[in-house]
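What follows is a short report on a single structure.
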Amino acid sequence: MTDHSDSYRPDEVEAKWRARWAERGTNQPDLDHPRRPFYNLMMFPYPSAEGLHVGNMFAFTGSDVYGRFKRLQGYDVFEPIGFDAFGIHSENYAIKVGLHPAQLIPKNIANFTRQLERIGGMFDWRQALSTTDPEYYKWTQWLFLQLFKAGKAYKKKAAVNWCPNCKTVLANEQVEHGLCERCGTPVEQRFLEQWFFRITEYAERLLGNLDTIDWSETTRTAQRNWLGKSEGAEIVFEVPAEPSSRRAAESIPVFTTRPDTLCGATFMVLAPEHPLVAKLTTPDRKAEVDAYVKAAAAKDLVARKVGEKEKTGVFIGAYATNPATGKPVPVWIADYVLMEYGTGAIMAVPAHDERDFAFATQFGLGIVRVLAGAGQAAGAPLAAAETEVDGFRLVNSGRFDGLEAEAGKRAITEWLAGAGKGKAVVQYRLHDWCISRQRYWGPPIPVIYCDACGPVAVPEGDLPVILPPIEDFRPDDSGVSPLARHEEWYYVPCPDCGRRARRETDVSDTFLDSAWYYLRYPSAEFHDRPFDPARTRTWCPVTTYIGGNEHAVLHLLYARFLAMVLNDLGHLAFEEPFTRFRAHGLIVKDGSKMSKSRGNVVIPDEYIAQWGADTFRMYLMFLGPLQEGGDFRDAGINGPRRFLERVWLMVGAVEDSGGELRKELVTRWHATRKKCAEDIEALRYNTAIAALMELVNHMKEAGCHDKAMVRDLVVMLAPFAPHFAEECWERLGGAGSVFDAGWPAWDEALAVSDEIELPVQVSGKTRSKVSVPRNAPEEVAKAAALADPAVRRFTDGKEVRKVIYVPNRLINIVVAG
RNA sequence: GCCCGAGUGGCGAAACGGCAGACGCAGCGGACUCAAAAUCCGCCGAGAGCGAUCUCAUGUGGGUUCGAUUCCCACCUCGGGCACCA
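As structure tokens, this is what we get:
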């Protein structure tokens, strides 16, 4: 191509339109008086030192295509962007390279900003935010105070997950298989004073609302599993007083999902940490029990939770009474029972629970069957626990014998409640959210401890509590934050009594920063309020949210919880923050997900420099459906490039063809408008792009350069290749931005053709095609089919048994033999 | 172990229960060129046949149906989540 005046040069075009958009405020909706507000949100990035990688770009482009499409449909689309820049990621990296995070983060943000602009996102940069900005974390602290004042934040000494490498506490959600999610170090148990949010109070609502929101099913399932609802009963086992050792009577409540098996409870097991263990242990068992408790406490959570098949445990010498049978049952402790779940104690029913069966077998404890199938004797021996009990009936259960399992559950629970020995309860797997971190790089928790007044909230007028710029920000093994080494910072007068008091030195979890950022975007310029009521009413809840499923149970659950709390406290009118959520797929490279931690990231900058952002955007979106992700390899990028160049040439050669267009082409035109819109709405960008390519192929074949068609083509291409489309639009004489052109409307009647190529099957095998009018009556189609020579070869001389005709789809002639 | 996804040409993929492989990449043949690149035209699942055509083919095995990539049952493989949660 020697004619430079007519070749497409992405660098120039893209730079030109980036400048135009900034100049004209193209991407800045009227935040106060939008006609049709549409909040298009993408999960904000953590600004890593490596920069935005191809996996990020895939997700951001996916969200941006949708936002631009909505814009073309006439919505006032608000597409904000920001940076989730606090947290251990940034801090650890700063430690590694020997810099202060406060120096590092602004550089990373600058780099991300450059990249995000370069990929052509429709971001409203006026409202950009960083969670590390005091103007932002002031309100994160405010949020904490609202929960604190409402009694939804509390401090307790608790067994927490401690990462000895990151030297901090982790939330349960940040522990994977007993390993630290970030660095893979085995997590230890420590007992520390920690701040918690009462998310468990919201478990029922968090679960129930899942049925009311339009979210990816995978995400909702993940949340349901995480919430882990179990319905069952709490049953109290009494331990009679022991006069010889002067021990009083005690009672041990247990939680079970199988109250129907109560009569089969032949022993009990307590968690080693259970508070009753010390009281109930008999003197002769004390040495052995103490040793076991100690050993269990020393075990890290990996050893305790995974891998171990061998059951261990010790008898503590006490006997409790089975409330249904009145028989004594021995009380054991074992580390397969967890203090954090239920009551920390179980009734063991070895006949119908695998773990209890293994334990009973190992220690020679009694096994009594209480459920039997048809033809099974009540005394039939068990080779293994029988947990599948469909159609089984209760046996060895006295007055409850003969009931089916479900009926037995109800009957026994009712009987327990009447006798004051138990009640129906619902348990959740969810724990309260531990939000304190013994680290530096986060918002200080705004509480002051006074010897006279106790924990006091920092007055809202004193916010933000600025994170001091200390040099020795590295964590240590002490279990306290680096801020605790700075007296000059933490000694302050008590806000209530004025006496010397000390600040909380822990900072809050990064997930608190990100749990409310969507509220800040529309109100980012207000200094005196976290989120403006009018702006929030206009823009929230978020219309469409796109993000990674790795946040299904972390970020997305916390954000929902906080919205509910703010709703209860009267700050928000809604309780579900994201009306529609779609999880994008992951970009895989060399067999595993592209991520910094796996070291397989590809930075898009070089590709963009070589091909242009538009071509690269189209290439990524053409890979496959957004929700499925795909393998990254750069083979194939030539396709979108050739396509855009073809369209470019077409734009240079347009002509007015008046009403001369072929009927077939008009049909394609309308069908493409429709298909492309429907596919984008469903996030099937790959087939939307394919439809545009098909249209171009047909236009080329027909030698068509019709101006109106080319203009539509450019508009439909705009979500994918925004700079390119703007340039073409301008060259076609369009006024303003192509994004104000409106999505081309289609006529349903024109989108289908009058003549149909109808496939003809003979006994279910396709043999030929015949041309018939659209919606042809069966007789017409049948006559045409039976007249076709290719069909007659299979039907001649045979009896037609039946004809199946699906108008406009197919005709199937079923013949005998 | 349990709960979600997904298995289709050399590759990325497409297909309201109705022509399997749209669209694209790579490859092959040709045109243009001194030549190469770019561009344009044609071919492109496997097997048989000179051919029009025929047979086989959507992870495996069954089933429902006139007809199954699609629905049902069992199994295999690969991703992801949960996991001693009582």
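Every number in the working numbering is 20 more than the matching position in the first sequence, counting from 1.
The beta carbon of each residue, even a glycine, is placed where N, CA and C say it ideally should be.
For I115, which three-state DSSP category applies?
helix
Taking the runs of the alpha helix (DSSP H) that are 4 residues or longer, which of them lie wholly in the region 764-837?
798-807, 809-815
Taking 6 angstroms as the limit between beta carbons, can you name the residues of its chain near R751, skipping five residues before and five after?
V671
Just verifying my parser: in three-state terms, what is the DSSP assignment at M288?
strand
Inter-residue CB distance, A439 and N416 (contact presumed, cutoff 8 angstroms)
Not really, about 20 angstroms apart at Cβ, beyond 8 angstroms.
Let's see if you can read the secondary structure: which residues bound the beta strand (DSSP E) around M367?
365-368
Which parts of the region 100-164 are runs of the alpha helix (DSSP H), unbroken and 4 residues or longer, counting only runs that do not cross its ends?
108-117, 121-138
Kindly give me the distance between the Cβ atoms of A394 and G411, rounded to whole angstroms, as I take these residues to be in contact under 8 angstroms.
7 angstroms
Using beta-carbon positions only, say whether V811 and R787 come within less than 9 angstroms of one another.
yes
Continuous alpha helix (DSSP H) stretch holding A394: start and end
Here A394 belongs to no alpha helix (DSSP H), and DSSP marks it neither H nor E.
Could you have a look at F98 and say whether DSSP puts it in helix, strand or coil?
strand
From which residue to which residue does the beta strand (DSSP E) around H604 run?
600-604
What are the boundary residues of the beta strand (DSSP E) that includes Q209?
208-217
Ends of the alpha helix (DSSP H) at G337?
Element bounds for G337: not the alpha helix (DSSP H) but the beta strand (DSSP E), 334-341.
Look at the alpha carbon of A392 and the alpha carbon of F164, and state the distance between them as a whole number of angstroms.
54 angstroms
Please confirm whether G573 and W246 have their CB atoms less than 9 angstroms apart.
According to the sequence provided, residue 573 is Val. The question's Gly does not apply to it. Contact: yes.
Kindly indicate which residue of G649, K347, R693, V388 has the alpha-carbon position closest to the one of G762.
R693
At which residues does the alpha helix (DSSP H) containing L374 begin and terminate?
Going by the sequence as given, residue 374 is Glu instead of Leu. Segment 374-383, the alpha helix (DSSP H) holding E374.
Determine the contact status of W215 and I455, defining contact as a CB-CB distance below 9 angstroms.
yes
V322 to W235, Cα distance in whole Å?
Any reading at V322 must be qualified, since the residue scores a pLDDT of 49, below 50, and its modelled position is unreliable; the value itself is stated next. V322 and W235: Cα-Cα distance of roughly 33 angstroms.
DSSP three-state assignment for V758, whether helix, strand or coil
helix
Could you give the C-beta distance for V500 and Q458, rounded to a whole number, given that I count them as a contact under 8 angstroms?
6 angstroms
Who are the Cβ neighbours of Q93 in its own chain at under 6 angstroms, not counting the five residues just before and after it?
W763
Three Cβ pairs or more, each shorter than 8 angstroms: is that satisfied between the region 96-104 and the region 133-153?
yes
Bridge partners for I424 per DSSP, in chain order?
Correcting the residue identity first, residue 424 is Glu in this sequence and not Ile. Beta-bridge pairing links E424 to R413.
Between A178, D496, L136, which lies nearest to I115 when the distance is taken from Cα to Cα?
D496
CB-CB under 6 angstroms to A79, same chain, minus the five flanking residues each way: which ones, in chain order?
H604
Rounding to the nearest angstrom, what Cα-Cα distance links F64 and R637 in this structure?
19 angstroms
Kindly indicate which three-state DSSP category G327 falls into: helix, strand or coil?
In this predicted model, G327 has a pLDDT of only 46, less than 50, meaning its place in the structure is not dependable; the value taken from the coordinates is given anyway. Three-state result, G327: coil.
Report all residues from its chain with a CB closer than 6 angstroms to the CB of V708; omit the five preceding and five following residues, and keep chain order.
The sequence as given places Ala at residue 708; Val does not occur at that position. C696, D699, I700, listed in sequence order.
Straight-line gap, Q194 to V446 (C-alpha atoms, nearest Å):
25 angstroms
Validate contact between the region 560-569 and the region 46-65 using beta carbons, cut 8 angstroms, 3 pairs:
yes
Can you tell which of C473, R602, R225, A554 has its C-alpha closest to the C-alpha of L450?
R225
Quick one: is I108 buried, meaning 16 or more other Cβ sit within 10 Å of its Cβ, or exposed?
buried
Any idea what DSSP makes of K347, helix, strand or coil?
coil
In the DSSP assignment, the beta strand (DSSP E) including N181 goes from what residue to what residue?
173-183
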